[in-house]
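Data first, discussion second: the structure below is written as structure tokens.
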Amino acid sequence: MDIDLMMRVYPFFLDAAWVTIQLSLLTALLGLTCGTLGAAARLSRLAVLRFLGAAYVSLFRGTPALIQLFILYFGGPQIGIQLDAFEAGVIGLGINAGAYMTETIRGAIISIDKGQREAARTLGLSQWQATYKVILPQAARLMVRPLGVNMNMLIKATALVAAISVVELTYTAQRYIGSTYKPFEMFLLAGLLYMIIIYVTGRAVAWLDRKVQIT
Amino acid sequence: MTDQSHFVEIRHAQKSYGTLEVLKDISLNVERGQIVAIIGPSGSGKSTLLRAINDLDSLTGGEVWLDGVQVNKDLPHRQYEKHINAMRQDIGMVFQHFNLFPHLTARENVVMAPKMLKGLSKEAADKLAEEQLEKVGMLDRIDYYPSRLSGGQKQRVAIARALAMKPKLMLFDEATSALDPELVDEVNMVMKKLAEEHMTMIIVTHEMDFAASVCDRVLFMDQGVVVEEGPPEIVFRKPTKDRTREFLRKHLAGVA
Ligand SMILES: Nc1ncnc2c1ncn2[C@@H]1O[C@H](COP(=O)(O)OP(=O)(O)OP(=O)(O)O)[C@@H](O)[C@H]1O
Ligand SMILES: [Mg+2]
Numbered sequence: 001m002d003i004d005l006m007m008r009v010y011p012f013f014l015d016a017a018w019v020t021i022q023l024s025l026l027t028a029l030l031g032l033t034c035g036t037l038g039a040a041a042r043l044s045r046l047a048v049l050r051f052l053g054a055a056y057v058s059l060f061r062g063t064p065a066l067i068q069l070f071i072l073y074f075g076g077p078q079i080g081i082q083l084d085a086f087e088a089g090v091i092g093l094g095i096n097a098g099a100y101m102t103e104t105i106r107g108a109i110i111s112i113d114k115g116q117r118e119a120a121r122t123l124g125l126s127q128w129q130a131t132y133k134v135i136l137p138q139a140a141r142l143m144v145r146p147l148g149v150n151m152n153m154l155i156k157a158t159a160l161v162a163a164i165s166v167v168e169l170t171y172t173a174q175r176y177i178g179s180t181y182k183p184f185e186m187f188l189l190a191g192l193l194y195m196i197i198i199y200v201t202g203r204a205v206a207w208l209d210r211k212v213q214i215t
Numbered sequence: 216m217t218d219q220s221h222f223v224e225i226r227h228a229q230k231s232y233g234t235l236e237v238l239k240d241i242s243l244n245v246e247r248g249q250i251v252a253i254i255g256p257s258g259s260g261k262s263t264l265l266r267a268i269n270d271l272d273s274l275t276g277g278e279v280w281l282d283g284v285q286v287n288k289d290l291p292h293r294q295y296e297k298h299i300n301a302m303r304q305d306i307g308m309v310f311q312h313f314n315l316f317p318h319l320t321a322r323e324n325v326v327m328a329p330k331m332l333k334g335l336s337k338e339a340a341d342k343l344a345e346e347q348l349e350k351v352g353m354l355d356r357i358d359y360y361p362s363r364l365s366g367g368q369k370q371r372v373a374i375a376r377a378l379a380m381k382p383k384l385m386l387f388d389e390a391t392s393a394l395d396p397e398l399v400d401e402v403n404m405v406m407k408k409l410a411e412e413h414m415t416m417i418i419v420t421h422e423m424d425f426a427a428s429v430c431d432r433v434l435f436m437d438q439g440v441v442v443e444e445g446p447p448e449i450v451f452r453k454p455t456k457d458r459t460r461e462f463l464r465k466h467l468a469g470v471a
């Protein structure tokens, strides 16, 4: 194993890791937004919204994320959507992650005992007041861990955007292999950095989860 | 509007789930300050009837009136929501499984709705919480989360939460059924106290002794109909219907 080579190139990998982190954070943000809207739609009183929510989830969970990215990035210009690779990566992965988060958020909400809403409504709270004062504060606590799992998956999924040439970790590793012919070292380095990102995220999620538990 | 003259009036209540008829043309009047107990075998429709009063379960036929206002008015969705939310502020409800909000302390459980719906100041809310929790003997646990309270204590906080809205009517759906036997009395004491203050109450219960000791009237339900109704000394001691006698034989231990 060529440790020397790894020491020489790792600063470039750090830059690439920073891109991966940015990608992950923006994707998570968009994913949470889509997931919240998706869950709201799936739990709506209106059948149309419930249908749209369900369609969104099955469409984006039922096809490979890579195909979704390709359609957006390569197919987009054909229908008038011009995005640079990074933008396409964030939007494509974000919408995809949102489909998974929709189910996570919805699952947490429907797992709250129905007696909670009944008690709130009985006191005179409206449907919406009951939701945001009674249901959501409890559901939010239940969401932290499973959303952490979504986050873990999403970070790993950012490797896919190498295929549309976003210069993140995986793409950088591939590029250095082209000049060094050392795939073992280069992928190992990328893997290590992914591991660190995922480990730190996992710790943060665990911390948050402890923090929000009811004493 | 017709001649509305009783404080609570249930007129020809009918409820079906598909082809299953759970309430069959039930009528019931309750006067201000009266306490009515509803007894009957499991599945007879007691909870359904009680929950129809504040429209937690909607009737498929019939009317519910409280203090001159129809609760289950026929209104467009938005207007109905406004109407029912206002009506429910006047109807307190206590559940078998307490349904306290686990993310809020006893104090917060009690004042959440009054703060949101009546715009109480911080001081007024604190005073209200202390008042209501004092009444149910829970002042010393005012800042406890429900997870640190016993079943009986939870139920007492739940009663305080309902009372904090200053309801005109209180509904109890087997308030003590989920409690360990030794915790039943502390909740019954609170309900007795309410009775002494002339709170209008409709109580679904399996506890015949308690029903006999606090209520003005007993309703025996079976299979969606009121089989027998009258003052407790009549219904418990000299029931006229076979079905009532049979039910009481199974459930009556100490009342005599
Ligand atoms: N959501 C529902 N869908 C279908 N059937 C229901 C529903 N809720 C209640 N029922 C049925 O209605 C009948 C009356 O139920 P209800 O809960 O009012 O009885 P109850 O007298 O309160 O019984 P218990 O003493 O066990 O609490 C039962 O046969 C029950 O199975
Ligand atoms: Mg019941």
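Chains as they are written, first to last, in this note's numbering: chain A, 1 to 215; chain B, 216 to 471. We put the CB at the ideal spot given by N, CA and C, even for glycine.
Separation of the CB atoms of A:T180 and A:L5 is rounded to 6 angstroms, and the pair is thereby assigned contact status at 8 angstroms. Taking the CA atoms as reference points, B:T275 sits about 56 angstroms from A:Q22. These are the residues, in chain order, with a beta carbon less than 5 angstroms from any non-hydrogen atom of ligand 1: B:Y232, B:V237, B:S257, B:G258, B:S259, B:G260, B:K261, B:S262, B:T263.
Taking 7 angstroms as the threshold, the shortest C-beta distance from A:A139 to chain B does not fall below it.
DSSP lists B:S231 as the beta-bridge partner residues of B:E236. B:L434 counts as buried, since no fewer than 16 other beta carbons sit within 10 angstroms of its beta carbon. Among the CB atoms of chain B, none fall inside 7 angstroms of the CB of A:I112. When secondary structure is reduced to three states using DSSP, B:V351 falls in the coil class, being assigned neither helix nor strand. Cβ neighbours of B:N324 within its own chain (closer than 7 angstroms, five residues either side excluded): L315, F316, V372, R376. For B:L243, the beta-bridge partners assigned by DSSP are B:I225. Burial is judged here by how many other beta carbons sit within 10 angstroms of a residue's own beta carbon; A:G38 has at least 16 and is buried.
When CB distances to chain A are screened at a threshold of 8 angstroms, the residues of the region 254-271 of chain B falling below it are N269, L271, in chain order. The region 346-357 of chain B and the region 138-149 of chain A do not touch, with fewer than three beta-carbon pairs separated by less than 8 angstroms. The Cβ atoms of B:L235 and B:D388 lie no closer than 7 angstroms to each other. For B:I418, the enclosing beta strand (DSSP E) starts and ends at 415-419.
B:M414 and B:A328 have their C-alpha atoms roughly 20 angstroms apart. Counting along the chain, the unbroken beta strand (DSSP E) around B:M385 starts and ends at 384-388. B:L394 sits away from B:M423, with the two beta carbons spaced by 7 angstroms or more. For A:S126, the chain B residues whose Cβ falls inside 9 angstroms of its Cβ are E296, K297, N300, in order along the chain. Under DSSP, B:L434 forms a beta bridge with B:I253, B:E444. DSSP links B:L281 through a beta bridge to B:V223, B:V284. C-alpha of A:T172 to C-alpha of A:F184: approximately 14 angstroms in a straight line. Identification of chain B residues near A:V134 by a Cβ-Cβ cut-off of 9 angstroms yields F316, H318, L319, M327, ordered along the chain.
Among the CB atoms of chain B, none fall inside 7 angstroms of the CB of A:T131. The C-beta of B:H227 has fewer than 16 other C-beta atoms within 10 Å across all chains shown, which makes the residue exposed. Residues of chain A with a Cβ closer than 9 angstroms to the Cβ of B:R303 are, in chain order, R121, T122, L123, G124, L125.
With contacts defined as CB atoms closer than 7 angstroms, B:V442 and B:K456 qualify as a contacting pair. A straight-line Cα-Cα distance of about 14 angstroms links B:L271 and B:Y232. Using a CB distance below 8 angstroms, the part of the region 347-370 of chain B facing chain A consists of Y360, S362, ordered along the chain.
Rounded to whole angstroms, the separation of the alpha carbons of A:A28 and A:T122 is 37 angstroms. By the C-beta density criterion, B:L290 is exposed, having fewer than 16 other C-beta atoms within 10 angstroms. For B:I418, the closest of B:V237, B:S220, B:D240, B:T263 by C-alpha to C-alpha distance is B:T263. Going by beta carbons, A:R50 and A:A99 fall outside the 7 angstroms limit.
Annotation: the continuous alpha helix (DSSP H) that includes A:G107 extends over 85-110. Around the beta carbon of B:P396, fewer than 16 other beta carbons sit within 10 angstroms, so the residue counts as exposed.
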